[in-house]
Every structure is written in structure tokens, then in C-alpha cells.
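Student: My questions all concern the structure below.
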Amino acid sequence: ENIALCKPVVDKVHPFGISVEVEDGEIGNADALADPDVENTISQYYSKPEDCKRLVEETGADAIAFFVGNGHGNYLKEPIIGYDRIKEICDAVRPLGCYGVMHGGSGLTPADFNRCVESGARKFNYATAISDVWFKYFPEDLLARMDARGEEQGKPRRKVLDQFEEEWDKLDFTEGEKAMAEHVGMMMRDAFLCSGKADLYK
Numbered sequence: 089e090n091i092a093l094c095k096p097v098v099d100k101v102h103p104f105g106i107s108v109e110v111e112d113g114e115i116g117n118a119d120a121l122a123d124p125d126v127e128n129t130i131s132q133y134y135s136k137p138e139d140c141k142r143l144v145e146e147t148g149a150d151a152i153a154f155f156v157g158n159g160h161g162n163y164l165k166e167p168i169i170g171y172d173r174i175k176e177i178c179d180a181v182r183p184l185g186c187y188g189v190m191h192g193g194s195g196l197t198p199a200d201f202n203r204c205v206e207s208g209a210r211k212f213n214y215a216t217a218i219s220d221v222w223f224k225y226f227p228e229d230l231l232a233r234m235d236a237r238g239e240e241q242g243k244p245r246r247k248v249l250d251q252f253e254e255e256w257d258k259l260d261f262t263e264g265e266k267a268m269a270e271h272v273g274m275m276m277r278d279a280f281l282c283s284g285k286a287d288l289y290k
């Protein structure tokens, strides 16, 4: 089903020079989260290299996200990341012109990211953490109302942000923007190991 849904998208947008990222399985695997012994069994839920390879081969995707202990949003406990599995997957898809993607980067340490990069991952999703930097510059009463709305709708704070746009759009985020820029710079340098490498982009 995943292949059947993804391949038409790839075929439609590739002629326009648009790259496509596909996802194997489920990031933040629900079965793993429900497993009471997950700390000892987590690896059995990891994405498999052969499945990722097949998904890329049959869709022609440019990037693939996978589950190796990572999850969206903030982690409730320290994640158990399968660095060896990242390498196995990335080694399997790299010959196909595809690179590995890590969703659920928020909550990982710079050292964790270093190991992911060394294992072959080349793109990281990091929205929750960077949003949290920005939210430090929101008024407390606005954050409280956003959190209440999010709880009503079963969504994290940043997923209801658009519903309060008229309010936050009037705020001065000069300091917040500086803080976000500093944070991104730190992550590029210390976590993603990509600072000073723009000349490698093709």
C-alpha cells in the first residue's frame, strides 16, 4: 500500500525537479510504545534494510525516513536509537541515490546526532525543539491558552499555532529570532556536523 501511494507522487513531481521523501513503517511505532518490555525488545520494531531498499527501488524516492527508536515530539524517556540499523539502512539505499532521514530529532543530544551522521543519516527533522526556543518569547497567558486548545484537540502546542496567528503576529520577536538563529547555528556546528560545508552541495 505504501508503494502504491508513494510511486504516483514520485512519478508526478520528479519531472519538475522536486525530490520526494518516503517513510517506512511508522515513526514512533505504536506497537513498540505499547510493549511493556520495549527497552529490551525495541530492536524488533526497527525498520528493516530490505524493506527500505524495496520501498526506494519500487518508488524511485530520493530520501527515506525510518523507525530506529526515534519518535515525533518530545521524548518521555531517553530514546534507544539503533545506530547500527541506521548504517545498515543507509548502506542499502545509498547505491540507489537515496539518503536516510531521521524524524523525531527533538530531544536527542548533539552527541546522539553525531552518531546518526556517522551512521549515514543525512537529514533530520527537528521542529519541536526549535519551536520550543521560539515559544520562550511568547507571553505566558498566550502559551497557556494555546496549551489548553491543544489539549482539547489532542495536539501539541505548535500544531495549534495557526489558530492564534492574529495574536502572535503582533508580537516583537526580534530577540526570539536571534535565539533561534543562534540555536540553529549551534546545531549545525555541534550536532549535524554540517557547518562550513555548503560547497559540498550540488
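Numbering (my numbering), first residue to last: 89 to 290.
Ideal Cβ positions, reconstructed from N, Cα and C, are used throughout, including at glycine.
Note that the structure is predicted; figures quoted are calculated from it, not measured.
(1) Rounded to a whole number of angstroms, what is the C-alpha to C-alpha distance between CYS186 and GLU254?
(2) Looking at PHE154: is its Cβ nearer than 8 Å to the Cβ of ILE130?
(3) Assuming GLY273 is part of the alpha helix (DSSP H), what are its boundary residues?
(4) Tell me, which residues are paired with ALA151 by DSSP?
(5) Kindly provide the ranges of any alpha helix (DSSP H) runs that are 4 or more residues long and lie completely inside the region 223-265, ordered along the chain.
(6) Hey, how far is the Cα of GLY188 from the Cα of THR216?
(7) When we look at the beta-carbon of ALA232 and count the other beta-carbons within 10 Å, is it buried (16 or more) or exposed?
(8) LYS175 lies in the alpha helix (DSSP H); which residues open and close that run?
(9) Closest to SER194 by CA distance: which of ASP172, LEU184, HIS271 is it?
(10) Kindly indicate the opening and closing residues of the alpha helix (DSSP H) around LYS100.
(11) In three-state terms, what does DSSP make of LYS36?
(12) If distances are taken between C-alpha atoms only, which option among ARG237, ALA199, TYR171 comes closest to LEU281?
(13) Near VAL97, which residues of its chain fall below 7 Å by C-beta distance, leaving aside the five closest residues on each side in sequence?
(14) Is DSSP giving PHE280 helix, strand or coil here?
(15) What are the start and end residues of the beta strand (DSSP E) that includes PHE212?
(16) Pick out whichever of VAL181, LEU249, GLU145, TYR214 has its Cα sitting closest to the Cα of ALA92.
(17) Beta-carbon separation of GLY192 and GLY159 under 8 Å?
Tutor: Short version:
(1) 41 Å
(2) no
(3) 262-274
(4) GLU109, TYR187
(5) 228-241, 253-256
(6) 20 Å
(7) exposed
(8) 171-181
(9) HIS271
(10) 90-101
(11) Any answer about residue 36 is impossible in this case: the structure gives the chain only from 89 up to 290.
(12) ALA199
(13) VAL108
(14) coil
(15) 209-212
(16) GLU145
(17) yes
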